[in-house]
Amino acid sequence: KYAKRKVARAISTREFMHVIFKSHSMVLRKNHRMIKQVFHETQLKFGVRVKAVAIMENHLHFAIKTPTRTAFANSMRYFAGMVALRIGRGKLWKQRVWSRVVRAGCDLNGVLKYIFENPIKAGIVSEIDLYKIRAGVVG
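Heads up, the sequence shown is in our numbering, so the first residue is 1 and it goes up one at a time.
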């Protein structure tokens, strides 16, 4: 009877969240500078902390910590809207944002490793680029 009912999203204000946005088109990577700028704006506006980002051709992975449930919802809405407006492609995102709470320790380290290595496996960046990103050299 309630198969299509949306369930309240699990959100933590103490732990990081692994978030994925999926796009209808392969335009995200070529707009990576603008997407990084929108991440920066989102952090300043909503007080969220982004720990890792992987910008793929048609999806984004990131680890984010948010001060409140409302800040998470508003920051995701703002981020998705601003990226879509600036790319200007009509409906950009495929579906509702996917997210899960990531526990500190092995779980967080595994997610960060996955986020950092995803562009290497896809052939988007090299190992040396990954080193520079982790060291904070590449914005």
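Using N, Cα and C, we set each Cβ at its ideal position, and we do this for glycine too.
### Whole-angstrom C-beta distance between K36 and L112, which should lie under 8 Å
Incorrect: roughly 18 Å between the Cβ atoms, too far for contact.
### Query
Beta carbon of V48: closer than 6 Å to some heavy atom of the ligand NAP?
As presented, the structure is devoid of all ligands, the ligand NAP included, so that no description of it is given.
### Query
S12 bridges to which residues according to DSSP?
None, per the DSSP bridge assignment.
### Task
Determine, using beta carbons only, whether F79 and V27 come nearer to each other than 7 Å.
no
### Message
Let me check one thing: in DSSP terms, what residues is H18 bridge-paired to?
### Response
A63, R100
### Query
So what does DSSP say about H122, is it helix, strand or coil?
It should be noted that the sequence gives Ala, not His, for residue 122. If DSSP states are grouped into helix, strand and coil, A122 belongs with coil.
### Spatial distance of I64 from G123 (CA atoms)
24 Å
### Task
Sort H40, T70, T68 by Cα distance to F62 and report the nearest one.
H40
### Message
Give me, in chain order, the residues of the same chain whose beta-carbon lies closer than 7 Å to that of L108; leave out the 5 immediate sequence neighbours on both sides.
### Response
F16, V102
### Task
To the nearest angstrom, report how far apart K91 and H24 are at their CA atoms.
8 Å
### Query
Contact check, G47 vs A73 under 8 Å by CB: the rounded distance?
13 Å between Cβ atoms; not a contact.
### Task
Look up S205 in the DSSP assignment and say whether it is helix, strand or coil.
Residue 205 cannot be examined here, being either before or after the span of the chain that is shown, 1 to 139.
### Message
Below 8 Å on the Cβ atoms is my contact criterion, and I expect L60 with I20 to pass it. Report the Cβ-Cβ distance as a whole number of Å.
### Response
7 Å
### Task
Might you give, ordered along the chain, the residues of its own chain that have their beta carbon closer than 6 Å to the beta carbon of A54, omitting 5 neighbours on each side?
H61, I115, N118, P119
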